[in-house]
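Structure first, commentary second.
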Amino acid sequence: MKRSDAVPNKFTYPSLIKACSKVCAVKEGVTFHGLAMRCGVGGDVFVMMSLIDLYGKCGRFCVHTRCLMKCVRGMWFLGQL
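Written out as structure tokens, the structure reads:
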């Protein structure tokens, strides 16, 4: 994706992270997590849900819980809960 100068966005990161969660590729998922944060889409609900799924399926429960709490706080703040 980077080689073709395509810019990842809030629609591409959930797909990439979901693919990592299916094969339990935590290292790559963490990389995408960092990239999403740097691009400014790390707080998107769909990106966060994909990260929660990745960390939960791969047994990273501390990070899973932190992502879940951040997502719930964001939804509460926006009045979506």
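Oh and the sequence shown: position 13 is 181 in the numbering used here, straight run, nothing missing. Think of the CB as a built atom: it goes at the ideal place given N, C-alpha and C, for glycine as much as any other residue. Just so it is clear, the structure is predicted and the values come from calculations on it, not from any experiment.
Item: Segments assigned alpha helix (DSSP H), at least 4 residues, entirely inside the stretch 172-216; Value: 180-190, 194-207
Item: Spatial distance of PHE229 from LEU222 (CA atoms); Value: 10 angstroms
Item: Beta carbon of MET216 nearer than 8 angstroms to that of CYS188; Value: no
Item: Inter-residue CB distance, LYS178 and ASP212 (contact presumed, cutoff 8 angstroms); Value: 4 angstroms
Item: Buried versus exposed call for CYS192 [16 or more other C-beta atoms within 10 Å across all chains shown]; Value: exposed
Item: Beta-carbon spacing of ILE158, HIS201 below 8 angstroms; Value: With the chain represented from 169 up to 249, any question about residue 158 goes unanswered, as that position is not in the structure.
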